[in-house]
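In what follows, a single structure is set out as structure tokens and then discussed.
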Amino acid sequence: MYDSRLKNLRQPTISYKCCLVAKLGTTLIHVDLPIDPRITRTRQRLIDAFNQLMHAKLFDEITVRDIARQAGVNRATFYAHFPDKHALLDAIMAICFADTLQRWLVGPLDDPEIYLERLFLAITDQLTMFNGTECQDTFSTFEAVIEVQIKAQVCKHIQAWFRQHIPAQVLRYQPLELSAALVSWALYGAAQEWKTRARTQSPAAFGRQVIPLISAMVDRFTHER
1 MYDSRLKNLR QPTISYKCCL VAKLGTTLIH VDLPIDPRIT RTRQRLIDAF NQLMHAKLFD
61 EITVRDIARQ AGVNRATFYA HFPDKHALLD AIMAICFADT LQRWLVGPLD DPEIYLERLF
121 LAITDQLTMF NGTECQDTFS TFEAVIEVQI KAQVCKHIQA WFRQHIPAQV LRYQPLELSA
181 ALVSWALYGA AQEWKTRART QSPAAFGRQV IPLISAMVDR FTHER
């Protein structure tokens, strides 16, 4: 049962401005990879340059030349890191949502309903950053990228959770990747439904309606047939 324990979960303290460029601020987006520091610094400069340009231009108006010039590098250096500006955007979106997941997936997560609720709230949090009228065009531009990143990362997390919590004898017979994909799509679809309903309920309140349904799917996947 989806019980009162979930009402007492403490939500992360996050204050995002409405527009994408606020979410891509240099205080939130950083490259932290175990690679050559020079590569890390260059990638960070490209990300920062893109963020700065997004304050002044629409995405379609930004060129690789603009990004390289703003970052103080040449285009060859840009292409050494990203094949095009869309790949840069995709990388930034991945970092954005990874940061959001990290903020929400804290504390004990062994209870499947608590785990699913945290994933659901992370998704709604990501969607909520487009909460102003001026952001609707921004969301429409990047919606496909956002959806792909959310589903991919949520699916990956669910696969890892399944491996930790499904008994080995059951896991042997379960289509793990397919099961995780179905749950990730259900969570994203629920978050979109909440958004479509003009957010007449808080994410937590809406979650109390939908999480039991999704949890039933997980329960089916995690028990031997």
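Numbering (UniProt numbering), first residue to last: 1 to 225.
Don't be surprised by glycine CBs; every beta carbon is placed ideally from N, CA and C.
Tell me whether the beta-carbon of Gln149 lies closer than 8 angstroms to the beta-carbon of Met93. yes
Tell me which residues share the same chain as Phe82 and place their Cβ nearer than 6 angstroms to its Cβ, disregarding the 5 neighbours each side in the sequence. Leu88
What number of angstroms, rounded off, separates the C-alpha of Ile47 from the C-alpha of Val183? 32 angstroms
Apply the 10 Å Cβ neighbour rule to Arg75 and answer buried if 16 or more other Cβ atoms are within range, or exposed otherwise. exposed
As a quick exercise: from Asp110, Gln102, Trp194, Lys156, pick the residue whose alpha carbon is nearest that of Glu177. Lys156
By DSSP, does Arg172 sit in helix, in strand, or in coil? coil
Out of Pro112, Ile146, Thr124, Phe142, point me to the one whose CA is closest to Trp161's CA. Pro112
What residue range does the alpha helix (DSSP H) around Lys85 cover? 85-104
Through-space distance from Leu53 to Pro175, alpha-carbon basis: 44 angstroms
From Arg220, Gln153, Leu119, residue whose alpha carbon lies closest to that of Val170: Arg220
Taking Thr77 as part of the alpha helix (DSSP H), name the residues at either end of that continuous run. 75-81
Report the rounded CA-to-CA distance for Asp84 versus Thr63, giving the unit in angstroms. 9 angstroms
Classification of Ala190 by the beta-carbon crowding that lies within 10 angstroms, buried from 16 upward: buried
Run the CB neighbour count on Gly25, radius 10 Å, all protein chains shown included, and call it buried at 16 or more, exposed below. With a pLDDT of 43 at Gly25, under the threshold of 50, the predicted position of this residue should be treated as unreliable, though the coordinate-derived value follows. The residue is exposed, with fewer than 16 neighbouring Cβ atoms inside 10 Å.
Name the two residues that bound the continuous alpha helix (DSSP H) containing residue 229. Lying before the first or after the last residue shown, residue 229 is absent from the chain, which here runs from 1 to 225.
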